[in-house]
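Under the working numbering, the first residue of the sequence shown is numbered -1, with each subsequent residue one higher.
Think of the CB as a built atom: it goes at the ideal place given N, C-alpha and C, for glycine as much as any other residue.
Everything numeric in this text was worked out from a predicted model, so none of it was measured.
Here's the structure we're looking at; comments come further down.
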Amino acid sequence: MDQLLPSLPKSRTEPDGSAVIRVLSYNIRSLRDDEDALARVIRACEPDLVFVQEAPLFFRWRKHAARLAAKSELVVLSGGATAAGPLLLCSLRAFVERTEDVLLPLTPGLHRRGLATAVVRFAGARVGVVSTHLSLDKAERGAQAELLLDRVASMDVPYAIAAGDVNETPGGPAFSRLSETFQDCWETSPWGGELTFPAPAPDRRIDAVFASRGVEVLACGVPAGLPGISSGDLVSATDHLPVLAALRLPAAR
-1 MDQLLPSLPK
9 SRTEPDGSAV
19 IRVLSYNIRS
29 LRDDEDALAR
39 VIRACEPDLV
49 FVQEAPLFFR
59 WRKHAARLAA
69 KSELVVLSGG
79 ATAAGPLLLC
89 SLRAFVERTE
99 DVLLPLTPGL
109 HRRGLATAVV
119 RFAGARVGVV
129 STHLSLDKAE
139 RGAQAELLLD
149 RVASMDVPYA
159 IAAGDVNETP
169 GGPAFSRLSE
179 TFQDCWETSP
189 WGGELTFPAP
199 APDRRIDAVF
209 ASRGVEVLAC
219 GVPAGLPGIS
229 SGDLVSATDH
239 LPVLAALRLP
249 AAR
């Protein structure tokens, strides 16, 4: 029997207009595995935002993204093939201010990468969000981390959340660069599991949620043991484990 985790803060609006939200980062391997198990995991996490990597890219990709969103009781926010794989889903709690899909420079011989970005509001809180999947190539990965930071800086938001598959463990150059600017939410407030890949027997942490300084990280980690999530579903859903975080966003002044 799966061991249950300590409870995670629920999404809510505070009297001062700040918002507690749940965000989930998940590499879904182009929906090549058990889509129903994937949707069950997402629903059990009760996220306000889902930062997806490896969304379907080809034939009827929009239909596949919409189907996953519907099964997960969410809606498509931005991204997909137009962002080279990163995708954002959100609950109806989010007020969408704007979205933009960004293609990063192509290195010949390597996969095209991109960013799914949006600016959203929850109650009185306003935040920029970026889903990313960095390169397998070390040099390109470092350059993409810098481009991600540049994109966030240009979004004109008080706070930002970036999440995704870093393809590198903590201490690596790209991971460290992101951690210098953002809070690595697992390091700030660990909860649940740490290791994210490969799903059947994880031995490394290459997926992460990052948040601006000033965002309060209440908890972050792999939600194995969260009520409604079975170890079987986690292994069947995709080859990565998800990362779930509860964050408190300050109200905009």
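Within 10 angstroms of its Cβ, does residue i collect 16 or more other Cβ (buried), or is it exposed?
| i | result |
| --- | --- |
| H238 | buried |
| R202 | exposed |
| G191 | buried |
| A217 | buried |
| A199 | exposed |
| G126 | buried |
| D34 | exposed |
| P106 | exposed |
| S133 | buried |
| R20 | buried |
| V215 | buried |
| P171 | exposed |
| D14 | exposed |
| M(-1) | The pLDDT assigned to M(-1) is 38, lower than 50, so where the model puts this residue is not dependable; a value taken from the coordinates is nonetheless given after this. M(-1) comes out exposed. |
| E185 | exposed |
| R58 | exposed |
| A37 | buried |
| F120 | buried |
Are residue i and residue j close, meaning C-beta to C-beta below 8 Å?
| i | j | result |
| --- | --- | --- |
| T179 | F173 | no |
| L224 | L72 | no |
| T236 | R27 | yes |
| L86 | L75 | yes |
| P84 | G162 | yes |
| E95 | V118 | yes |
| A143 | L108 | no |
| G78 | A63 | yes |
| R246 | S16 | yes |
| R124 | A250 | yes |
| V255 | S9 | The question about residue 255 has no answer, for the chain in this structure spans -1 to 251. |
Could you work out which residue in the options is closest to residue i when comparing CA atoms only?
| i | options | result |
| --- | --- | --- |
| R91 | L242, E138, A42 and T11 | T11 |
| A137 | A64, F120 and L104 | L104 |
| S187 | P171, A209 and L176 | A209 |
| T115 | R20, A160 and S89 | A160 |
| L113 | F120, V39, R27 and T97 | T97 |
| R149 | T130, C88 and G226 | T130 |
| A222 | V39, D31, L47 and I19 | V39 |
| T80 | S89, D99 and A67 | D99 |
| A82 | G219, L6, F120 and R60 | R60 |
| D31 | A250, D231, A67 and G226 | D231 |
| G140 | N165, G122, A121 and R124 | N165 |
| F56 | L29, L36, S9 and S70 | L29 |
| V48 | L146, S70 and R58 | S70 |
| N25 | V50, A243, A37 and L6 | V50 |
| L6 | D182, G219, F120 and A197 | G219 |
| D182 | P196, D205 and P54 | D205 |
| S229 | A197, A53, W189 and L242 | A197 |
| L242 | G226, P248 and W189 | W189 |
| A53 | S89, F93, V18 and R111 | R111 |
Checking contacts by CB at 8 Å: is residue i closer than that to chain D?
| i | result |
| --- | --- |
| R20 | Of the protein chains in the structure, only one exists, and it is not chain D. |
Going by DSSP, what residues sit across from residue i in a beta bridge?
| i | result |
| --- | --- |
| Q51 | N25 |
| D14 | None, per the DSSP bridge assignment. |
| A243 | V21 and C218 |
| Q181 | A209 |
| L87 | V48 and V74 |
| V94 | V118 |
| V233 | V233 is not bridged to any residue. |
| R202 | F195 |
| D148 | Looking at the DSSP assignment, D148 forms no beta bridge with any residue, so it has no partner. |
| S129 | A114 and A161 |
| R124 | R119 |
Problem set entry | Meets three-Cβ-pair contact criterion under 8 Å: the region 31 to 48 and the region 138 to 157 | The answer is no - the region 138 to 157 does not touch the region 31 to 48, with fewer than three Cβ pairs under 8 Å.
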